[in-house]
Structures are given as structure tokens and as C-alpha cells.
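Those sequence lines, one after another, are chains U and Y. With my numbering applied, the first sequence covers 202 to 421. With my numbering applied, the second sequence covers 9 to 168. In this text, a Cβ means the ideal position worked out from N, Cα and C, and glycines have one as well. The structure presented is a predicted model; accordingly, all values stated were derived computationally and were not measured. Here is the structure we will look at.
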Amino acid sequence: MFSSLHLLKYADLADAQKEELQAKMQELASAVNDVCLVSALLEGSMPAYDLMVEIGFADQAAYEEAKTGDAYQALLAAVNDTANFSVYEFAAYGSDRENFTDRQGICHRVLIFHMLPEFHTEELEKMLVENIVRFPTFVPKMVNCKLSKIVETSGTNHWDYAFECDYEEIMDYFGQYLMTPYHWGFIDRFFEPSAKEFFIDPNLASVYCFAPTPFLANYR
Amino acid sequence: MDNELSRRDFLKGSAAAVGSALLVSSGLAAGAFADEEAAAVELAPSDIPALVIDEFVCKPGEGKEFLEYYLEAYAPVAEAAGLTLKSKLVFPPCWLPEASNTIQVIWEMQGGNGFWGVYNRATRFDPNTIPFWADIRSRVISQDRRFFANVDEVEAMNNV
């Protein structure tokens, strides 16, 4: 699957306006492709953005074709409307490393991050890439995960990678996933300034939301 | 472990609060680095202490001076990050005037709950953190921080 991810923070709008806007974004995303997820981000997402719009395509060629269409252009116009959204992060990426199961889940999470050039080495990047997709071994409630190099990006940082996961339940993100020592004792060394393996910018985006079915299972 | 938290609990809580609630239900005996009395208290997996070990290979002749600098600069940060100083070790057991001492400073942290609840907030997202550790590295030959667990408690710690 190739993803077009849009993370949004509402401008100063009334609750009713936000609901209308989410419905409008759902309509616009669905017009681009049936495989889409428009969902309010849940408390604890960092930064405190409000809405995820993710559209899945069979591959990058399908994405490139869709990009030139009226439906995608209408979506782009909407997400760039600063009267409605005060922050807009964008990333487009494929599916470089995958670890999938056939289990069901209702929580979708995306982490996008930037590699700090002053700390980055090829060896560190390879270590992170190989180990981060091993999470399901330590987090059985993680249904699917994939790591992908981002090929198009805009927003508050130059986003290099997207790590996406589906979990069985909403709570599994804050529960088993965060609390496994594999996470805070090992994988987080790449994100920890005091560790030898540090090279990921702390200015990252880690968001999660309700999804009726495992989003990453599309096109499998 | 069955998930016994409600969506409402989750939405109103921080990672630490949610983690604590998760852990209350599992009731595993632990106490990795506690004394015998404390070890009798049942700890949830993410409350089982981990050791945070800072290791420094010092520049020749600078071991004692560096340790004093590091402790003065870092102790307040560590306290705010929920770390408790457990010990300071030096190899070899004498200050070398013309060769390198290796120093280990050992802190204790309250496992996953401590990491996400206090440590992470007090360190990573403070803009001073990256320059602080860059400064520390510039004062030594090498530096690393690693988290350790008591081997006897690894299974319990991972039962999250």
C-alpha cells in the first residue's frame, strides 16, 4: 500500500464547525479513493493535532495518477485552508518493511520522524529499520506494523520515515506498546539524546485514532 | 493480560496514569533493586525498577574532575526526571593522573511507568537535553546510557 497522510490541527473553530469539517474531509477523501481513514486523533497524540486523513493506494503509480485528479486537488485545497487548519503535516510513503498478521484491530497509529544529520549514520539507520518492525514479537496486541521511507513531505519538519501500526484495542497503544521494555529500553535508544544510538529528532509526530478495521490490511 | 481499562479512563489519563491503572491489575511480585522488605510488595510490571547506567571513559587525568562536573550539572535534571542515584563506580579503584578512568553512575528508574510518566517528559522534550549531552560527550572519550533490569525480573517486567 502507498499512503498519503495528512495530519491536521483545527484553527480556532467551534465544536460544531469541527464536526462539519471532519465530515467534509471524509467526503473529500472518499472521493479520492475508497481506501481512506478520516478520524479524530485521540488524547495523548503528540503534538496535539486533531484529525488524521490517510488515503491508501495500491502503489505509488496509483497515487501519482490520483494526484493529478480533481478529487485530490480538492482535498489539497481543503487541507491547506488556513481558515480551518492551523497546522498541516503531510507525508507520502510506500511500504518498505512490513510485519503483518491476520488479526483484527480498531486502533491505527502513525509516527513520522526526522533523522538529525549531525547524528545520523547509515549503520544507525539500518539498526532502527531492522529492529522497529520486530515490535509485534514483543507487543502481541500489535496487529500490523510497517516502516516506510517518506518520499514526499511538508509541514513543520522534514519527515524522513513513517512507522505505522494497527492495534487490537485503543488502549493497546498506551498499554502494551509503550510499556514493553523492548520499547523504552531498546528502540527508544534511537530517540534518546543520552544514548549512543541517538539520531532521531525529538520533534516528531506520534498520533493515533479509532479505525473500524486494521487500516494497514488494505490491499493485502 | 486482559485489558480492563475503559475508554473514558484512557482519554482522561496521561501515559503514566494509564500505565499505572494497567499495572494495578496484574499484581506481580517484584522489587528488582529494593531491599527485602520492599521486595515483599507486589509491583506491577511497569513499576518494576530499572537501572539507568551512565558510563564514561574519561580523558586521561580528568576522571575525578569530570565526575564532579557531571553530578553537579546532571543531578537536578535526574531528580526532575524521577531518577534516584544508587551508586558511583570507578575503574580502576584509583584516580589516574595520566591514564583514563572509566566511571559508571547508576540511577534507578521506575520501569516503563517512570520512563513515560516522568523521565521522558523531563528530558527528551527539553530543548536543553541535546546540547547538554553534547557538552558531556565533549568532556570525555566516550559516553553511553543504557537501561538494565535484574535478570530475575525480566519475565515479570515484560508481562505488560
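For this session: Go ahead and label Ile-56/Y buried or exposed: buried means 16 or more other beta carbons lie within 10 angstroms of its beta carbon, across all protein chains shown.
Result: When all chains shown are included, Ile-56/Y counts as buried.
For this session: Let me know if Leu-31/Y comes out buried or exposed under the rule of 16 or more other beta-carbons within 10 Å of its beta-carbon.
Result: With a pLDDT of only 36 at Leu-31/Y, under 50, the local geometry of the prediction cannot be trusted, and the value read off the model is given with reservation. Under this definition Leu-31/Y is a buried residue.
For this session: Name, please, each residue of chain Y whose Cβ falls closer than 7 Å to the Cβ of Ser-349/U.
Result: Those within 7 Å of Ser-349/U in chain Y number zero; the least Cβ separation is about 24 Å.
For this session: Excluding the 5 residues preceding and the 5 following Trp-385/U in the sequence, name in chain order all residues of the same chain whose CB lies nearer than 7 Å to its CB.
Result: Apart from sequence neighbours up to five positions away, no residue of its chain approaches Trp-385/U with a beta-carbon distance below 7 Å.
Exercise. Along the chain, where does the beta strand (DSSP E) that runs through Thr-92/Y open and close?
Worked result: Note, Thr-92/Y: beta strand (DSSP E), 92 to 99.
Exercise. Using the beta-carbon of each residue, which ones in chain U are nearer than 8 Å to Pro-53/Y?
Worked result: By Cβ distance, chain U contributes Met-380.
Problem set entry | Members of the segment 132 to 164 of chain Y that neighbour chain U once the beta carbon cut-off is set at 7 Å | The residues in question are Arg-132, Phe-133, Thr-137, Ile-138, Trp-141, Asp-152, Arg-153, Phe-155, Ala-157.
Exercise. How about the segment 356 to 363 of chain U and the segment 291 to 303 of chain U: do they share at least three Cβ pairs that are nearer than 8 Å?
Worked result: Taking 8 Å as the limit for Cβ pairs, the verdict is that the segment 291 to 303 of chain U does touch the segment 356 to 363 of chain U.
For this session: Using a cut-off of 7 Å between C-beta atoms, extract the partners of Gly-125/Y located in chain U.
Result: Ordered by position in chain U, no residue passes the 7 Å Cβ test against Gly-125/Y, which lies about 10 Å from the chain.
Exercise. Under a three-way DSSP split, which group does His-321/U fall into?
Worked result: In the three-state DSSP reduction, His-321/U falls in the coil class, being neither helix nor strand.
Exercise. Who are the neighbours of Phe-392/U on chain Y, taking C-beta pairs under 8 Å?
Worked result: At a C-beta separation below 8 Å, Phe-392/U has these neighbours in chain Y: Arg-132.
Exercise. Tell me, which residues are paired with Phe-291/U by DSSP?
Worked result: Paired residue(s): His-207/U, Ser-355/U.
Exercise. Do Met-202/U and Asn-419/U come within 8 Å of each other at the CB atom, strictly closer than that value?
Worked result: Yes, Cβ-Cβ distance for Asn-419/U and Met-202/U is below 8 Å.
Problem set entry | Ala-24/Y classed as buried or exposed, judged by whether at least 16 other C-beta atoms fall within 10 angstroms | Note that Ala-24/Y has pLDDT 40, beneath the 50 cutoff, so the model's placement of it is unreliable and the number below is only indicative. Counting other Cβ atoms within 10 Å of its Cβ, Ala-24/Y reaches 16 or more and is therefore classed as buried.
Exercise. According to DSSP, what are the bridge partners of Ser-150/Y?
Worked result: Answer is Val-65/Y.
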